[in-house]
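A short worksheet on the structure shown next.
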Amino acid sequence: MTQRVFSAMQPTSDSLQLGNYLGALVQWVKLQDTHDAIYSVVDLHALTVSPEPELLRSRTRATAAQFLAAGVDPDRSLCFVQSHVPQHAELAWILSTFTGMGEAGRMTQFKDKSAKVGESGTNVGLFTYPILMAADILLYDTNVVPVGEDQRQHLELSRDLAQRLNGRFGDGTVVVPEPHIVKSTAKIYDLQDPTAKMSKSAVSPKGTIEILEDPKKVAKNIKSATTDSGSEIRFDREAKPGVANLLTIYSALDGRSVEQLEADYEGKMYGHLKVDLADVVVEYLTPIREAALDWIESPDRLDEVLAQGAAKASALAQGTLDRIYDRLGLVPALHR
Ligand code: ATP
Ligand code: LTN
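Letter by letter, the sequence shown follows residues 1270 to 1605 in this note's numbering.
Below is the structure:
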C-alpha cells in the first residue's frame, strides 16, 4: 500500500520563512510523487499564542496559499485547515490520558516558550501542544512526517504514544510514524545570529528571509548577513557559522554542492558570495511569492480547495477514530 505522509505548519505569521521552506515544504512537495500526502494549517495550535482573531484568519489563508504556491498540488494531496476537522481535538483528548505529566514537561519547546512568557502568560494549551500534534499525525495512519530538526523531540513523543497504545490495545491500533528530517537543510539559521534558528516570530526581522517579503528587502537582509572573522569562503559550522549558513542556503537553491561552491568562490570575498546569493534567492522566491499572492487575492478559490481537503481528511480521520474508540472500549455511537 502507498505510504502516507502528513505534516503541518502553524499560521503564526503573515509569511513563511526560508527555513520553513527548505526544512519542510521542499520535502512535502517531493514526497507527493511517491506518497499519499496530507498537509494542514494547524490553526488550533496557533491559538496557544493568543493571536488577534482577524490576524489568525488572514494568516491561516496566507499559510495555505504559500503551501499551494510552493507546489503542494491539491489534485494529488489533501490540504486543509485543522479546525475544520474536529477529530483532531477529539483524539488529542484521548492521547492526553496516555501522556505523563513529566513526559510533557520535558519538551524543550514548551520549556523555551513558557520561559519566554513567564508562568502567568503560559496556558495549558502550550503544555499539551505536542499531544495535539501527535493526534494530527496518528489520525491519518501516517508513516512519514517531514519536518525540520526542531520538531524531532515532538515526533519522538508521537512515536512513544503510538507504541504505548499498540502495547496496551494491540498492534494495529495506530501506526507508528517515522520522522523525515533531511540533514543538510534541517536547520537554517538566522542571518543576524547564525547560532539561532531562523524563525517566523524572530525578534528582529533582519535575520529572516520571508517568502512574501518585497524582493529588495530580501536582498538587503542577505547582503547585511553577519559573516565571520577571516575572509575564506569555507563551510565550517563551528568557526564560520554565518558563512556555513549562507553556503547551505545557496546549495539548496542552486543545486551546486557545498564543495563545488567552496571551489567556485576560492579567492573571492564574502561580499561576492552575498551579492550572488541575494540574486539566487530573489530569483527562486519570486514565482513562489507571485503564486501565493494570486491565491491570497482569490480567497473563494482558496476556501474551496481547503473545503474539499477537509471533507476528505475528515472521512479518513473518522475511520481511525472509530477504530481507536472501539479498541479503548467506548460504546459505539449508533446515531451516526
Ligand atoms: P514560530 O516562530 O512561530 O515557532 P517557526 O518559523 O519556527 O515558527 P514552525 O511553524 O514552528 O516555524 O515550523 C514549521 C516547519 O518548518 C516545521 O517542520 C519546522 O521544523 C520547520 N522549520 C522552522 N524553522 C526552520 C529552520 N530554521 N530550519 C529548518 N526547518 C525549519
Ligand atoms: N509543531 C509543528 C507544527 C505541527 C506539525 C504537526 C508538524 C503541528 N502538528 C504534525 C508535523 C506533523 C511546528 O512546526 N511547530
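We put the CB at the ideal spot given by N, CA and C, even for glycine.
Look at the Cβ atom of L1522, then the Cβ atom of A1494, and state whether they are nearer than 8 Å. no
Unbroken beta strand (DSSP E) runs of length 3 or more, entirely within the segment 1346-1381: which are they? 1347-1350
Under 8 Å, do L1285 and Q1356 count as touching if we go by C-beta distance? No, these two residues do not count as a Cβ contact at 8 Å.
I'd like the list of long-range same chain contacts for T1303, defined as Cβ closer than 7 Å, with 5 residues on each side in sequence excluded. none
Alpha helix (DSSP H) segments (min. 4 residues) lying fully within the segment 1537-1598: 1539-1566, 1568-1597
Closest Cα partner of S1500 within the set Q1432, L1542, F1367, K1452: Selected option, being the one with the closest Cα: L1542.
Reference I1557; option with closest CA among R1596, K1509, L1599, G1340: G1340
Please name the residue, chosen from A1403, D1440, D1410, N1412, that lies closest to L1616 on a Cα-to-Cα basis. The requested residue 1616 does not occur in the structure, where the chain is confined to residues 1270 to 1605.
Just to confirm, are S1276 and V1414 a CB contact at a threshold of 8 Å? When the beta-carbon positions are compared, S1276 and V1414 come within less than 8 Å of each other.
Three-state secondary structure assigned by DSSP to Q1286: DSSP places Q1286 within a strand segment (E or B) once states are collapsed to three.
Start-end ranges of the beta strand (DSSP E) lying completely within the segment 1296-1344, minimum 3 residues: 1305-1310
For P1399, the nearest candidate out of K1385, V1354, Y1409, R1428 (CA to CA): R1428
Could you round the C-beta distance between T1397 and R1596 to whole angstroms and report it? I think they count as a contact, below 8 Å. Their Cβ separation, rounded to whole angstroms, is 22 Å, which puts T1397 and R1596 out of contact at 8 Å.
With a threshold of 7 Å on Cβ separation, who are the neighbours of S1526 within its own chain once the five nearest residues in sequence on each side are excluded? The answer, listed in chain order, is S1520.
Quick one, are the C-beta atoms of V1311 and A1579 less than 8 Å apart? no
Do G1292 and the ligand ATP come close, with the Cβ less than 7 Å from some heavy atom? Correct: G1292 has its Cβ closer than 7 Å to the ligand ATP.
Quick one: does the C-beta of V1512 sit closer than 7 Å to a heavy atom of the ligand LTN? no
List the endpoints of the continuous alpha helix (DSSP H) containing R1433. 1421-1438
Candidates I1502, M1270, I1518, A1508: which alpha carbon is nearest E1535's? I1502
Own chain residues within Cβ distance below 7 Å of S1346, not counting five before or after: Q1301, A1306, I1307, Y1308, listed in sequence order.
Proximity test, Cβ basis, 8 Å: Y1519 and chain B: The structure shown contains no chain B, having only a single protein chain.
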